[in-house]
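Novice: One structure is given below, represented as structure tokens, and several questions about it will come after.
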Amino acid sequence: MSVHLEALHTFLKARVAEAAVVEPFFYEALGYARGYADACMEKRDIVGAVRKLAWMRNEAQRWREHPDYPAEAGR
Numbered sequence: 036m037s038v039h040l041e042a043l044h045t046f047l048k049a050r051v052a053e054a055a056v057v058e059p060f061f062y063e064a065l066g067y068a069r070g071y072a073d074a075c076m077e078k079r080d081i082v083g084a085v086r087k088l089a090w091m092r093n094e095a096q097r098w099r100e101h102p103d104y105p106a107e108a109g110r
């Protein structure tokens, strides 16, 4: 799961930077989601980690046609 989280996190950061989206709250939310998911995995709270993974997947859907879309992480 951590591999999928990393792939989605990297993908989302890059897409937002490319789009020149100035949404500081999105950057914060993305960072918090990643940190929360990591903390959940450390504490063996799989449900919490999966919820944050799902949030990242939903956000990544905006750019699902992008050639760098992490298809495996998006499933």
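Under this note's numbering, think of the first position of the sequence shown as 36, with each following residue one higher. Just so it is clear, CB atoms sit at the ideal spot from N, CA and C, and this is done for glycine as well.
Using the three-state DSSP reduction, which class does TYR71 fall into: helix, strand or coil?
Specialist: helix
Novice: So, with DSSP's three-state summary, where would you put LYS78?
Specialist: In the three-state reduction of the DSSP assignment, LYS78 falls in the coil class.
Novice: LYS87: buried (16+ other C-beta within 10 angstroms of its C-beta) or exposed?
Specialist: buried
Novice: Rounding to the nearest angstrom, what Cα-Cα distance links PHE105 and PHE60 in this structure?
Specialist: Here the sequence assigns Pro to residue 105, which means Phe is not the residue at that position. About 23 Å.
Novice: So which of SER37, PHE46 and ARG69 has the shortest CA-CA distance to GLU100?
Specialist: When only C-alpha atoms are compared, the closest one is PHE46.
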